[in-house]
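For reference, the structure is listed below as structure tokens.
There are 2 protein chains.
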Amino acid sequence: MKFEAVTIKDIARALGLSTSTVSRALRDSYEISPETKKRVLEYSEKSNYRPNPIALSLKEKRSRSIGIIVCEIANSFFSQIINGIESIAYDNGYNVIISQSHESYEREVINVQYLASRSIDGLLVSVSSETQDLEHLKNLHRRGFPIVFFDRIVDEMETHKVIVDNFKGAYDATEHLIKSGYKNIAALAGSEYLSITKERLGGYRKALEDNKLVFDESYIQHCLHGGMLYDEVENALNQLLKLKTKPDAIVASADKLTTNCLRYFKKLNIKVPDDVALIGFSNLDLTDLLSPSLSVVRQPAFEMGQLSTELLIRQIESKRPVTDFERRILPPQLFIRESTDKDLR
Amino acid sequence: MKFEAVTIKDIARALGLSTSTVSRALRDSYEISPETKKRVLEYSEKSNYRPNPIALSLKEKRSRSIGIIVCEIANSFFSQIINGIESIAYDNGYNVIISQSHESYEREVINVQYLASRSIDGLLVSVSSETQDLEHLKNLHRRGFPIVFFDRIVDEMETHKVIVDNFKGAYDATEHLIKSGYKNIAALAGSEYLSITKERLGGYRKALEDNKLVFDESYIQHCLHGGMLYDEVENALNQLLKLKTKPDAIVASADKLTTNCLRYFKKLNIKVPDDVALIGFSNLDLTDLLSPSLSVVRQPAFEMGQLSTELLIRQIESKRPVTDFERRILPPQLFIRESTDKDLR
DNA sequence: TTTATCTACGCAATCGTTCCCGGTAACGAT
DNA sequence: ATCGTTACCGGGAACGATTGCGTAGATAAA
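Just so you know, the protein sequences line up as chains A and B, in that order.
Heads up, the first sequence is in my numbering, so the first residue is 18 and it goes up one at a time.
Heads up, the second sequence is in my numbering, so the first residue is 18 and it goes up one at a time.
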């Protein structure tokens, strides 16, 4: 099945003109007489002519499309980010091509190569939780290919980066727990390789220290897949609850980590917040409807998507190679609900 | 900023061959000597040559990309669908371009035209809740452009269609309520224009009639934006609760409708299921964690995405125009939880 | 009248790739 | 010596659009 569109040649043939004249007429060039323009415009209107973007891409060596790499789109945070990306891309005449790593390094590499071969003009990346080796991205970056990292960034590459203040988010969450009287606060963290994990654990640790609580390594559990698999969360929590002094509160550092934590407590009939309090990073828009309603650190996902895309498009359209890169840090928001506050119940 | 890739010409020049020879060597043509092939292959490997898909698209008049139109990707059902779409598209070497209508007819038209002008090979569509006029799609369809509808389909166009058995889903949900002893069952429905609304209300009505309960028009409330706005749900529920005989159970026919309904009850301190029972269509993967946990009709979203994409790609790659179109109906799944069952509490 | 200037258009190259035609050796058969 | 085959390879058009350059014809200036 082919779908034949009207081309500039068809117009030229029909009107007895050359393609160059038609092209110039359509672009309203001064060297085309008003009447010829009128004829061309009318005919192209009538025949529903649309310029072929593929031909344009070939000539101009740009496709007006940008690639996105995220772990999962079926995740509130990322779908909100993509929403933000799409809104800006759309306004600037770019379309977006989304691909998912499903937290797999291998898949991420394949996707990057695939997107690169698709002649995209730039890349928005949030790396997978398995990713350590960055050669697949550095390779493009070295050749001047525009890349912007968001959320899960990497230190060793000089690009624009957009994140939230993960340190502050975790600090505030932890401090809130401390102020609420919790003393044995554990951390349920994502992959150790991820920037966000390090930053959030940093905030967690600092809050403990600032409040004269001991920081204990055994109170930290990592889930390589960021809680995507229920089992890894279950294992991590089993470890924590086996400790001599069980934690009385948990800070979870990712969406799935937080909800799977709640699922675990529900399954084991552990009361939240009476037995254990829970606060976590989450962008779900129905944490208020959960049982108990969840205290969360929420990230301005939509704005992150917008900002990342603005930076990327600016770089793509820049005449000169960009040398000074921005690192934009957006504020997280703390929402206190039942899961950390016995009085709210 | 430009990003210069290695082309077939570069290889030809470097090896002192013609582009045709290089091209043939790369495609393993029989008329190229083994040693020439080897040289070409080695050099293209070394120089990291990747065929330019844009040039290929121009020649072959196909872009190996398919367009998706949904209302919102930040909606579990649709993000799961997109997941399914992406998995099949990926396996077949297609990439997907997603666009969102945000339930706006105008935006949908713009997106369709944009995608069409981007030389996509086919379109997967779930119409917006405002859409009545289908000229923007019929236009493409008349010209033989492959379109597959999923979930929110339209009767008046002959294409492949993939849906769940909405009638059965609503029937089962309603019947479950009746069997649980509820007598005054109201329906919170989406836009009247949507196929899914009609089908679901049909199932609701039939279940009532089969069980000798009166069907009352005033027990049906429509939300044009499918519950995307909390206010429209609030208004609808206010209407229902104003009735002389208040409903003792509600069947909600969309994700946001269901959750916003729960939000409303929580806000007004209406006990679920004691005051009013609630069951709804939803693909959230944490309805089990809500308070109360939600009884839902769940759709096999991932499979719907896969199936739709298979049908679309089959049509795209078909040699002859496709004339007999399939209408595939997948089974919904009923999950009974606390929101409709007092004993589970 | 001659020359210069301007108007309005066409030619052809270009982007990267494929593929239809050729073409030219080398070799064996006649 | 001539012809036919086979094996290999190159030239060039094509896909759709843009654009630098060339130029015919008209007009204006000398």
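Ideal placement from N, C-alpha and C gives every residue a C-beta, glycine not left out.
Rounded separation between residue i and residue j - CA only
i         : j         : result
Leu390(B) : Cys88(B)  : There is simply no residue 390(B) to check, as chain B begins at 18 and stops at 362 in what is shown.
Ile237(B) : Leu260(B) : 11 Å
Ile25(B)  : Lys63(B)  : 13 Å
Ser208(A) : Tyr188(B) : 45 Å
Glu343(B) : Val126(A) : 37 Å
Glu173(A) : Gln97(A)  : 27 Å
Ser197(A) : Leu329(B) : 56 Å
Asp108(A) : Leu132(B) : 14 Å
Val181(A) : Gly101(A) : 15 Å
Leu34(A)  : Pro68(A)  : 17 Å
Glu334(A) : Ile202(A) : 48 Å
Ile213(A) : Arg169(A) : 6 Å
Gly244(B) : Glu175(B) : 29 Å
Phe167(B) : Gly322(B) : 8 Å
Ala72(A)  : Glu21(A)  : 15 Å
Val293(A) : Ala266(A) : 5 Å
Asp150(B) : Asn112(A) : 25 Å
Leu246(B) : Ile86(A)  : 30 Å
Phe368(B) : Phe184(A) : Here chain B covers residues 18 to 362 and nothing more, so residue 368(B) does not appear.
Pro264(A) : Pro70(A)  : 59 Å
Leu32(B)  : Lys76(B)  : 25 Å
Cutoff 8 Å; reference residue i; Cβ partners in own chain excluding five residues on either side
i         : result
Phe232(B) : Arg222, Leu225, Glu226
Gly186(B) : Arg217, Gly220, Phe298, Val314, Gln316, Pro349, Leu351
Met18(A)  : Since pLDDT at Met18(A) reaches only 44, below the 50 mark, its modelled position is unreliable, and the value read off the structure follows with that caveat. There are no such residues.
Glu48(A)  : Arg41
His239(A) : Ala206, Gly207, Ser208, Glu209, Thr214, Ala253
Ser153(A) : Before going further, note that residue 153(A) is His rather than Ser in the sequence given. Answer for His153(A): Glu125, Val126, Val129, Gln130, listed in chain order.
Thr53(A)  : Leu34, Thr38, Ala42
Arg354(A) : Thr304, Asp305, Pro309, Ser310, Leu311, Ser312, Val313, Leu361
Neighbourhood of residue i by C-beta, 6 Å cutoff - its chain only, sequence neighbours within 5 removed
i         : result
Arg79(A)  : Asp138
Ser356(B) : Val289, Pro290, Leu295, Pro309, Leu311, Ser312
Asp358(B) : none
Leu285(B) : none
Ala282(B) : One point to set straight first is that residue 282(B) is Phe, not Ala, in the sequence displayed. Correct list, in chain order: Val289.
Ile195(A) : Asn228
Under the three-state DSSP convention, the category residue i falls into
i         : result
Lys359(A) : helix
Val250(B) : helix
Ser82(B)  : strand
Ile267(B) : strand
Lys54(B)  : helix
Phe298(B) : strand
Leu230(B) : coil
Glu113(A) : Reading the sequence as shown, one finds Val at residue 113(A) and not Glu. Reduced to three states, the DSSP call for Val113(A) is strand.
Lys178(A) : strand
Ile346(B) : strand
Ile202(B) : strand
Leu274(B) : helix
Leu311(A) : coil
His242(B) : coil
Ile71(B)  : helix
Ile213(A) : helix
Phe184(B) : helix
Neighbourhood of residue i by C-beta distance below 7 Å, restricted to the same chain and skipping five residues each side
i         : result
Leu351(B) : Asp189, Ala190, His193, Val314
Leu324(A) : Val179, Arg345
Ser61(B)  : Ile28, Leu43
Gly110(A) : Arg81
Ser145(B) : Cys88, Ser118, Glu120, Ser121, Tyr122, Glu125
Leu211(A) : Ser146, Arg169
Phe94(B)  : Asp272, Asn300, Gln316, Ala318
Any non-hydrogen atom of the ligand FAD closer than 6 Å to residue i Cβ
i        : result
Ala42(B) : Looking at this structure, you won't find the ligand FAD or any other ligand, since it has none at all.
Identify each residue in the stretch 306-329 of chain B for which the Cβ-Cβ distance to at least one residue of chain A is less than 8 Å, and report them in chain order. Leu306, Leu307, Ser308, Pro309, Ser310
Indicate whether the contact test is met: 3 or more Cβ pairs, each with one atom in the stretch 56-64 of chain A and one in the stretch 32-48 of chain A, closer than 8 Å. yes
Between the stretch 158-169 of chain A and the stretch 125-144 of chain B, do three or more beta carbon pairs fall short of 8 Å? no
Check distances from the C-beta atoms of the stretch 269-287 of chain A to those of chain B and list, in chain order, the residues that come in under 7 Å. Thr276, Leu279, Arg280, Lys283
Listed in chain order, which residues of the stretch 45-72 of chain B have Cβ atoms closer than 7 Å to some Cβ of chain A? Arg67, Asn69, Pro70, Ile71, Ala72
The stretch 95-106 of chain B: positions lying closer than 8 Å to chain A by Cβ: Ser96, Gln97, Ile99, Asn100, Glu103
Against chain A: residues of the stretch 108-119 of chain B by CB proximity under 8 Å: Asn112, Val113, Ile114, Ile115, Ser116, Gln117
Name, going along the chain, the residues of the stretch 128-162 of chain A whose beta-carbon falls closer than 7 Å to a beta-carbon of chain B. Ser134, Arg135, Ser136, Arg160, Gly161, Phe162
Residues in the stretch 74-91 of chain A with C-beta within 7 Å of chain B's C-beta atoms, listed in sequence order? Ser74, Leu75, Lys78, Ser80, Ile90, Ala91
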